[in-house]
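Take a look at the structure below.
Number of protein chains: 2
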Amino acid sequence: MRRLIGNPTLSDVAEVAGVSTATVSRCLNAPERVQEETRKRVMEAVQALGYSPNFGARVLAEGRTHTVGAIIPTMDNAIFSRGLQAFQEELRESGLMLLIASSSYRPEIEEEQIRALVKRGAEGLLLIGFQRSDDVRAFLAAQQIPALVAWAWQPDAAQPCVGFDNHAAMAAMAREVIARGHRQLALISADPAVNDRALVRIEGLRAAMAAAGLDPATLVIETTDATLESGGLAFRRLWERPNRPTAVLCGTDVLAAGALTAARDLGVAVPDAVSITGFADLDIARITAPPLTTMHLPHRRMGREAARMLVRMIAGERVESRELDCSLVLRGTLAAPRDRETGQR
Amino acid sequence: MRRLIGNPTLSDVAEVAGVSTATVSRCLNAPERVQEETRKRVMEAVQALGYSPNFGARVLAEGRTHTVGAIIPTMDNAIFSRGLQAFQEELRESGLMLLIASSSYRPEIEEEQIRALVKRGAEGLLLIGFQRSDDVRAFLAAQQIPALVAWAWQPDAAQPCVGFDNHAAMAAMAREVIARGHRQLALISADPAVNDRALVRIEGLRAAMAAAGLDPATLVIETTDATLESGGLAFRRLWERPNRPTAVLCGTDVLAAGALTAARDLGVAVPDAVSITGFADLDIARITAPPLTTMHLPHRRMGREAARMLVRMIAGERVESRELDCSLVLRGTLAAPRDRETGQR
Numbered sequence: 001m002r003r004l005i006g007n008p009t010l011s012d013v014a015e016v017a018g019v020s021t022a023t024v025s026r027c028l029n030a031p032e033r034v035q036e037e038t039r040k041r042v043m044e045a046v047q048a049l050g051y052s053p054n055f056g057a058r059v060l061a062e063g064r065t066h067t068v069g070a071i072i073p074t075m076d077n078a079i080f081s082r083g084l085q086a087f088q089e090e091l092r093e094s095g096l097m098l099l100i101a102s103s104s105y106r107p108e109i110e111e112e113q114i115r116a117l118v119k120r121g122a123e124g125l126l127l128i129g130f131q132r133s134d135d136v137r138a139f140l141a142a143q144q145i146p147a148l149v150a151w152a153w154q155p156d157a158a159q160p161c162v163g164f165d166n167h168a169a170m171a172a173m174a175r176e177v178i179a180r181g182h183r184q185l186a187l188i189s190a191d192p193a194v195n196d197r198a199l200v201r202i203e204g205l206r207a208a209m210a211a212a213g214l215d216p217a218t219l220v221i222e223t224t225d226a227t228l229e230s231g232g233l234a235f236r237r238l239w240e241r242p243n244r245p246t247a248v249l250c251g252t253d254v255l256a257a258g259a260l261t262a263a264r265d266l267g268v269a270v271p272d273a274v275s276i277t278g279f280a281d282l283d284i285a286r287i288t289a290p291p292l293t294t295m296h297l298p299h300r301r302m303g304r305e306a307a308r309m310l311v312r313m314i315a316g317e318r319v320e321s322r323e324l325d326c327s328l329v330l331r332g333t334l335a336a337p338r339d340r341e342t343g344q345r
Numbered sequence: 001m002r003r004l005i006g007n008p009t010l011s012d013v014a015e016v017a018g019v020s021t022a023t024v025s026r027c028l029n030a031p032e033r034v035q036e037e038t039r040k041r042v043m044e045a046v047q048a049l050g051y052s053p054n055f056g057a058r059v060l061a062e063g064r065t066h067t068v069g070a071i072i073p074t075m076d077n078a079i080f081s082r083g084l085q086a087f088q089e090e091l092r093e094s095g096l097m098l099l100i101a102s103s104s105y106r107p108e109i110e111e112e113q114i115r116a117l118v119k120r121g122a123e124g125l126l127l128i129g130f131q132r133s134d135d136v137r138a139f140l141a142a143q144q145i146p147a148l149v150a151w152a153w154q155p156d157a158a159q160p161c162v163g164f165d166n167h168a169a170m171a172a173m174a175r176e177v178i179a180r181g182h183r184q185l186a187l188i189s190a191d192p193a194v195n196d197r198a199l200v201r202i203e204g205l206r207a208a209m210a211a212a213g214l215d216p217a218t219l220v221i222e223t224t225d226a227t228l229e230s231g232g233l234a235f236r237r238l239w240e241r242p243n244r245p246t247a248v249l250c251g252t253d254v255l256a257a258g259a260l261t262a263a264r265d266l267g268v269a270v271p272d273a274v275s276i277t278g279f280a281d282l283d284i285a286r287i288t289a290p291p292l293t294t295m296h297l298p299h300r301r302m303g304r305e306a307a308r309m310l311v312r313m314i315a316g317e318r319v320e321s322r323e324l325d326c327s328l329v330l331r332g333t334l335a336a337p338r339d340r341e342t343g344q345r
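So the sequences go chain by chain: G and P.
Sequential numbering of the first sequence, starting at 1, is according to full-length UniProt numbering.
Sequential numbering of the second sequence, starting at 1, is according to full-length UniProt numbering.
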């Protein structure tokens, strides 16, 4: 047998099995048209050479696809991209390819994508947040596909997860805002009905208000989708209210950057006339003027940890959920409120 | 035969074929251990029911994977994400799933990923830029996998492509800068050795300089990787030079935003002391202070067009390469240079 350099070809298989390349091809594509004896010899050569004629045959030969799926709510901005890049780099170290799909924050699309990824051979899935139907949970359990929840962590989570405590993180941000003297708070948030991280952050914010003696019912919430434009429009709506907030907390840096842009366009000085805070510490948090006070999330660490955990889950190991730290980053968009009558702090 | 609701199961197949579920399983996983007659009956039931036990068997049954691969240089920032989101949304309309891989701007990783995606059943590929080895071109040709080049367009391209003319776009930006009176130009760019879009943009810039009577050899180029930090460091290096540029053109908005941040930290007023321009018109271009003068690229349109073209290529149709328009967006970071002695414009 000649020494093989690079990937074995159809001809290599034919040579080793002592048949024509047409027969090898027939074995792979229409095995029922080949005698069992011949087929066996060809499949042995395929196995011996590690020949991968196409994905399908390889999957059947190995029983493995070496593929992991991730479904993220959006690729349209940078919220998930940095963590995902690290997730993929780490998977690559374990010889796994990543398939990414984006659900556009729509649960019914996510469900369809989960089923599709599993049917297409995903050996494990990375999913964002905990919120999904019983149907799809049952499907994953029945198919025995490990699924790791990321970008979220809850102390009582039934599923393995890696992320941060959205409740605690938003409560910490709210405490900081309240400690500066703010009493009229508003929040620009994703719709909590389709985003459980947003829901938990709202709860954290309300809990911090209550703990500080503020009435959580006074919190004004503008829900919106995830774009920069939407953040700006939400800020404009808040600014048209009779009781303008003195501090606008935002569910992401993208929304906060949009709010800042709208404030600039309206001639509203930040933080003099209103404080604005972000959440995520994306690149944009450092380039707004002033730079954003925000919650730093461990994007790359979360991606790497998620990959390591999922690799272990695929190998059949049990993993413990992991909570990662966030940290408050104080930059220029948060200050004490001025008295609107006197202009004094 | 009972009516099936939802996906057919292994039991449905067994019932229709009149065998045990163990036999169905054996047919799918070790067909050589099943008699031909039985195997035929089971495979007929599999086909009749449209049963998809796993990706591998489905691929062999249908001969299709309904999967498209895209390899982008990075997921770490927003440069490719908006167009890719549109690409995926449009593919979804045609029932195709997208597998994304990220090459970290490394040609050898891209090549590995191309081979892996093809082996894993990608029916077509979206690739960024034209630059790749003869080996991998030959591989794609041999495998008959259509590959569409995006984010780049060249009039003489041998491969189908959809994108914009990087040469013309950077030349247009340079003409605008030169028309304001700038004579000392610098460029912060990706390494042209591994990024052919960057190479073509440098050529466009030099061509515009020559056409305006400037010596292209006076162009100072700082090459760097794609991050915000790198853009800032490159600006600092430019600012340490004895002949400081009066205008710094950047290959992406991310690099330009980094340069702006460094300028702010150095106390260098933009555009008073130096003009800075971006390229791509990402979200960040609108939130810097001042907002970035940049080249608007048709991200979402490029993604949608790419999907439509690739779907046609997979169907065996010939497609014509498509050039999309860019447009210069004048915002606040470009102005006439001040005379450094007199401070006058």
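Here a beta-carbon is modelled for each residue, glycine too, at the ideal position from N, C-alpha and C.
What's the C-alpha gap between ALA259 (chain P) and PRO298 (chain P)?
-> 24 Å
Applying a beta-carbon distance threshold of less than 9 Å, which residues of chain P neighbour ALA141 (chain G)?
-> Within chain P, no residue comes near ALA141 (chain G); the closest Cβ sits about 15 Å away, beyond 9 Å.
Proximal residues of chain G, C-beta to C-beta of MET82 (chain P) below 7 Å = Going by the sequence as given, residue 82 (chain P) is Arg instead of Met. Near ARG82 (chain P) (Cβ distances below 7 Å), the residues of chain G are ASP76.
Applying the criterion that 16 or more other CB atoms from any shown protein chain within 10 Å of the CB defines a buried residue, is ARG241 (chain P) buried or exposed?
-> exposed
Assigned exposure category for MET170 (chain G) - 16 Cβ within 10 Å defines buried | buried
Should GLN47 (chain P) be flagged as near chain C, meaning a C-beta pair shorter than 9 Å?
-> Here the protein chains are G and P, and chain C is not one of them.
Through-space distance from LEU84 (chain P) to ASP76 (chain P), alpha-carbon basis = 13 Å
For ALA17 (chain G), does the three-state DSSP call read helix, strand or coil?
-> helix
Evaluate the contact criterion for the segment 86–93 of chain G versus the segment 67–74 of chain P: three or more CB pairs, one atom per stretch, below 8 Å.
-> no
Compile a chain-ordered list of the residues in the segment 293–311 of chain G whose CB is closer than 8 Å to at least one CB of chain P.
-> none
Return no unless some Cβ of chain G is closer than 9 Å to the Cβ of LEU228 (chain P).
-> yes
Sort out for me which residues DSSP pairs SER102 (chain G) with in a bridge.
-> G:ILE72
Taking DSSP as the reference, what is the three-state secondary structure of GLY232 (chain G)?
-> helix
Considering only the beta carbon of each residue, do ARG41 (chain G) and ALA17 (chain G) sit closer than 9 Å?
-> yes
Between the segment 100–115 of chain P and the segment 320–327 of chain P, do at least 3 Cβ pairs fall closer than 8 Å?
-> no
Interface residues of chain P facing MET97 (chain G) [CB-CB closer than 7 Å] = ALA101, ALA116, ARG120
Contacts of GLN131 (chain P) in chain G (Cβ-Cβ under 9 Å) = Residues of chain G passing the Cβ test: none, with the nearest at roughly 21 Å.
Are there three or more Cβ pairs, one per stretch, closer than 8 Å when the segment 264–272 of chain G is compared with the segment 297–315 of chain G?
-> no
Thinking C-alpha only, which one of P:ALA22, P:LEU96, P:GLU36, P:GLN35 is nearest THR65 (chain P)?
-> P:LEU96
Would you kindly check if the distance between the Cβ of ALA247 (chain P) and the Cβ of ILE284 (chain P) is under 9 Å?
-> no
Determine, using beta carbons only, whether LEU328 (chain G) comes closer than 9 Å to chain P.
-> no
Is ALA190 (chain G) closer than 9 Å to THR261 (chain G) when the C-beta atoms are compared?
-> no
Which residues mark the beginning and the end of the beta strand (DSSP E) in which THR223 (chain P) is found?
-> 220–223
Assuming LEU148 (chain G) contacts LEU126 (chain G) under a Cβ cut-off of 8 Å, what Cβ separation, rounded to an integer in Å, is found between them?
-> 6 Å
Find the residues of chain P that neighbour ILE72 (chain G), judging by a C-beta separation of less than 9 Å, and give them in chain order.
-> Near ILE72 (chain G) there are no residues of chain P at all, since even the closest Cβ is about 10 Å away, more than 9 Å.
Using a Cβ-Cβ distance under 9 Å, would PRO197 (chain P) count as near chain G?
-> Reading off the sequence, residue 197 (chain P) comes out as Arg, not Pro. Output row for ARG197 (chain P): interface = no.
What is the DSSP secondary structure of ILE145 (chain G), reduced to helix, strand or coil?
-> coil
Straight-line Cα distance separating ARG264 (chain P) from ALA217 (chain P) | 29 Å
Flag SER104 (chain P) as yes if its beta-carbon sits less than 9 Å from any beta-carbon of chain G, otherwise no.
-> yes
Assigned secondary structure, ILE315 (chain P) (DSSP; H/G/I helix, E/B strand, else coil) = It should be noted that the sequence gives Ala, not Ile, for residue 315 (chain P). The answer is coil: DSSP assigns ALA315 (chain P) none of H, G, I, E or B.
Nearest residue (CA-CA) to ALA138 (chain P), options P:GLN154, P:ILE128, P:ARG115 | P:ARG115
Only counting runs of 3 or more residues, tell me where the beta strand (DSSP E) segments fall wholly within the segment 275–301 of chain G, in order along the chain.
-> 275–277, 294–296
Of the residues G:LEU330, G:GLU222, G:GLN47, the one placed nearest PRO245 (chain G), counting alpha carbons only = G:GLU222
Under a CB-based cut-off of 9 Å, is VAL254 (chain G) close to chain P?
-> yes
Cβ-based burial, GLY213 (chain G) [other Cβ within 10 Å; buried from 16] | exposed
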